[in-house]
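**Q**
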Ligand SMILES: Nc1ncnc2c1ncn2[C@@H]1O[C@H](COP(=O)(O)OP(=O)(O)O)[C@@H](O)[C@H]1O
Ligand SMILES: [Mg+2]
């Protein structure tokens, strides 16, 4: 958990120990909602009280997932709520240890606002230059606006090509931004698990469980 030694004036709960982790991006389909759930579930399994704030009101991906999780009786419970504004979220964070914010697939004013209020901002991206360029562009914009949030790039929905991974890592390194030291591999099994209301290491397949545990550990270590 991030200890706020010098909280900025606009943070969601300056005096409390709630950690705010946001998933933002310039594109849709890069894994923001999937990774938000992976982190939320990992923290919930550690006994943390977790709230997912779903700001993608068109898709409500996490809200729908939360309903499936409840329907299927999957434990631990993860609270998911839809939000439209930061004001509403600020009123709801009391009693939670971690708030995971999932955002729309288009960076807008809200992306900048929530990034400023977050302890950590994750930017998931594919390994292609098509994804990397706008992601690093957004990371630069967010870094430029100031604030104390940590920015971390996450290689997401990755394929099996080592060469592509290495190229992507080298590009991120040259940009000067931190890259998560685990990737989120593209595997069909993760989709079926998410449809059931599970995420990450809750996978029934052992291989997927292992891959998910690695990224969960890396995400949790960033907090
Ligand atoms: N690791 C993965 N393996 C397979 N499918 C994935 C994986 N991560 C996400 N997906 C799927 O890819 C699509 C886009 O992911 P999503 O997390 O919704 O992206 P975003 O929130 O950035 O738009 C969804 O259909 C999701 O189920
Ligand atoms: Mg989404």
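In my numbering, the protein residues as written are 23 to 245. All residues carry an ideal CB built from backbone N, CA and C; glycine is no exception.
Under 8 Å from any heavy atom of ligand 1, does the C-beta of residue 156 make it?
**A** No heavy atom of ligand 1 is found nearer than 8 Å to the CB of residue 156.
**Q** Check whether the Cβ of residue 48 lies closer than 8 Å to any heavy atom of ligand 1, and answer yes or no.
**A** no
**Q** Using CA atoms only, rank isn't needed, just tell me which of 186, 237, 73 is closest to residue 123.
**A** 73
**Q** Do you know offhand how far residue 26's Cα is from residue 121's?
**A** With a pLDDT of 37 at residue 26, under the threshold of 50, the predicted position of this residue should be treated as unreliable, and no value is reported.
**Q** Beta-carbon separation of residue 161 and residue 145 under 9 Å?
**A** yes
**Q** Mark residue 181 as exposed unless 16 or more other C-beta atoms lie within 10 angstroms of its C-beta, in which case mark it buried.
**A** exposed
**Q** On the three-state DSSP scale, how would you describe residue 156?
**A** helix
**Q** Does the Cβ of residue 76 have 16 or more other Cβ atoms within 10 Å, making it buried, or fewer, making it exposed?
**A** buried
**Q** So, using beta-carbon positions, are residue 202 and residue 175 closer together than 9 Å?
**A** yes
**Q** Quick check on the DSSP output: the beta strand (DSSP E) that includes residue 101 runs from which residue to which?
**A** 101-104
**Q** Between the region 41-51 and the region 138-155, do at least 3 Cβ pairs fall closer than 8 Å?
**A** yes
**Q** Measuring CA to CA, which of 40, 87, 128, 179 is closest to residue 114?
**A** Closest option to residue 114, Cα to Cα, is 40.
**Q** Mapping DSSP to helix, strand and coil, what is residue 150?
**A** coil
**Q** To the nearest angstrom, report how far apart residue 117 and residue 70 are at their CA atoms.
**A** Roughly 10 Å separates the two Cα atoms.
**Q** What does the alpha-carbon distance come out to for the pair residue 62 and residue 164?
**A** Whole-angstrom Cα-Cα distance: 23 Å.
**Q** If the criterion is Cβ atoms closer than 9 Å, does the pair residue 200 and residue 172 meet it?
**A** yes
**Q** Return the CA-CA distance between residue 109 and residue 55, expressed in angstroms with no decimal places.
**A** Here the alpha carbon of residue 109 sits roughly 22 Å from the alpha carbon of residue 55.
**Q** By DSSP's criteria, residue 206 is part of a beta bridge. Which residues make up the other side?
**A** 178
**Q** Quick one: measure Cβ to Cβ for residue 142 and residue 125, integer angstroms, because I've assumed they're closer than 8 Å.
**A** With a Cβ gap of about 14 Å, residue 142 and residue 125 do not count as contacting.
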